[in-house]
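J.: Okay, handing you the structure first.
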């Protein structure tokens, strides 16, 4: 007789390990977003957008501190292969890189000679190219940026060439492009469309594209997963098996939390969080701790998956 397979939670859903506990590890924020894990320092950086600061949660002793203030109403953050922080800034209307000596380099602030809208999230490929989305949320008012008229006709997704620094538009048919995430082999790019915030007939879903990394091009767009309106998803991460983990919030409180999908787009399961979730990232020394930005708090849960922080 075969031994039954021991599994925590729903069969095939690798969300929980150990006690299956979701912990609130830090709180006191207005709107937590854009988490990124730095393995060398064992800390998570994340944005507190309306408070105009980037926070740092140290994993070793649970210490919380302010990493940067003002942060130009930073939103999405990521890390490049050299261990440098890449940040999308709303009020700066730009993408920046924090160098290893602490100085800040502007990666992108214009396209076709006109200001960007308000870069929201970014991801860095193995070849050093930086891909970012540019919706208009950060210029819509004064809460998460500085109100301004858009100069770009559309809300595009862009690619910054790693050698020349040239900025090219790679997709221009989103209503409001949001979180981005490469598959572990970088052959696919997932991008959220949160256009539903601008009208009930607009999309609330994740799209997936085929990636030609060498050519810097996307093709073969498909809808990967629909979100249950009025909820939206705007933060994504893959694990090493290619499963996609995404944030859910701003709609039905019963849907607030995290969803996990197979690479084929089947919903495996959910992690419920008592607040709207904007974004998430894998961290921990084994990359098996999921950090979740839930509005006023940072949550964490040990999973039985490992984040694909590098391909």
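Numbering (our numbering), first residue to last: 4 to 314. Where is the CB? At the ideal position from N, CA and C, for every residue including glycine.
Given that a residue counts as buried once 16 or more other Cβ atoms are within 10 Å of its Cβ, and exposed if not, what is residue 84?
T.: Answer is exposed; the Cβ neighbour count stays below 16.
J.: Measure the C-alpha to C-alpha separation of residue 210 and residue 144 and round it to an integer number of angstroms.
T.: 27 Å
J.: How many Å lie between residue 307 and residue 274 at the Cα?
T.: 13 Å
J.: Going by C-alpha to C-alpha distance, which of 119, 150 and 148 sits closest to residue 136?
T.: 119
J.: What residue range is occupied by the uninterrupted beta strand (DSSP E) comprising residue 302?
T.: 292-305
J.: Starting from residue 264, follow its DSSP beta bridges and name the residues at the other end.
T.: 247 and 270
J.: By how many angstroms is the C-alpha of residue 32 removed from the C-alpha of residue 68?
T.: Their backbone Cα atoms lie some 12 Å apart in a straight line.
J.: Give the DSSP bridge partners of residue 177, in chain order.
T.: 158
J.: What are the partner residues of residue 35, as DSSP defines its beta bridges?
T.: 51 and 298
J.: Might you give, ordered along the chain, the residues of its own chain that have their beta carbon closer than 7 Å to the beta carbon of residue 228, omitting 5 neighbours on each side?
T.: Only 208, 209, 264 and 268 meet the Cβ criterion.
J.: Measure the Cβ-Cβ separation of residue 147 and residue 76 and say whether it is below 7 Å.
T.: In this structure, residue 76 lies closer than 7 Å to residue 147 by Cβ.
J.: Which residue marks the beginning of the beta strand (DSSP E) containing residue 111, and which one marks its end?
T.: For residue 111, the enclosing beta strand (DSSP E) begins and ends at 107-111.
J.: Which residue from 51, 65 and 66 puts its Cα closest to that of residue 90?
T.: 51
J.: Only counting the same chain, and skipping five residues up and downstream in sequence, which positions put a Cβ closer than 6 Å to that of residue 22?
T.: none
J.: Taking the alpha-carbon of residue 96 as reference, which of 152, 47 and 54 has the nearest alpha-carbon?
T.: 152
J.: Do you know offhand how far residue 169's Cα is from residue 100's?
T.: 15 Å
J.: Mind checking which residues open and close the beta strand (DSSP E) that includes residue 208?
T.: Secondary structure note for residue 208: its beta strand (DSSP E) is the uninterrupted segment 208-215.
J.: Using only the alpha-carbon positions, how far apart do residue 4 and residue 17 sit?
T.: No answer about residue 4 holds up, because its pLDDT of 47 lies below 50 and its placement is not dependable.
J.: In whole angstroms, what is the alpha-carbon distance linking residue 182 and residue 234?
T.: 15 Å
J.: Looking only at C-alpha atoms, which of 198, 191 and 253 sits nearest to residue 225?
T.: Answer by Cα proximity: 191.
J.: Would the region 246-254 count as touching the region 270-288 if we require 3 or more Cβ pairs under 8 Å?
T.: yes
J.: What is the rounded straight-line gap between the Cα of residue 266 and the Cα of residue 247?
T.: 7 Å
J.: Our contact map puts residue 122 next to residue 98 with C-beta atoms below 8 Å; I'd like the distance itself, whole angstroms only.
T.: Rounded, the Cβ-Cβ distance is 5 Å, consistent with contact.
J.: Residue 242: which of 205, 293, 200 and 194 sits nearest, CA to CA?
T.: If we check each option's Cα against that of residue 242, 293 comes out closest.
J.: DSSP has residue 57 in a bridge; who is on the other side?
T.: 50 and 71
J.: By alpha-carbon positions, which one of 166, 82 and 30 ends up nearest to residue 217?
T.: 166
J.: Give the DSSP bridge partners of residue 97, in chain order.
T.: According to DSSP, residue 97 bridges with 92.
J.: Judging by CA-CA distance, which residue of 240, 46, 231 and 93 is the nearest neighbour of residue 56?
T.: 93
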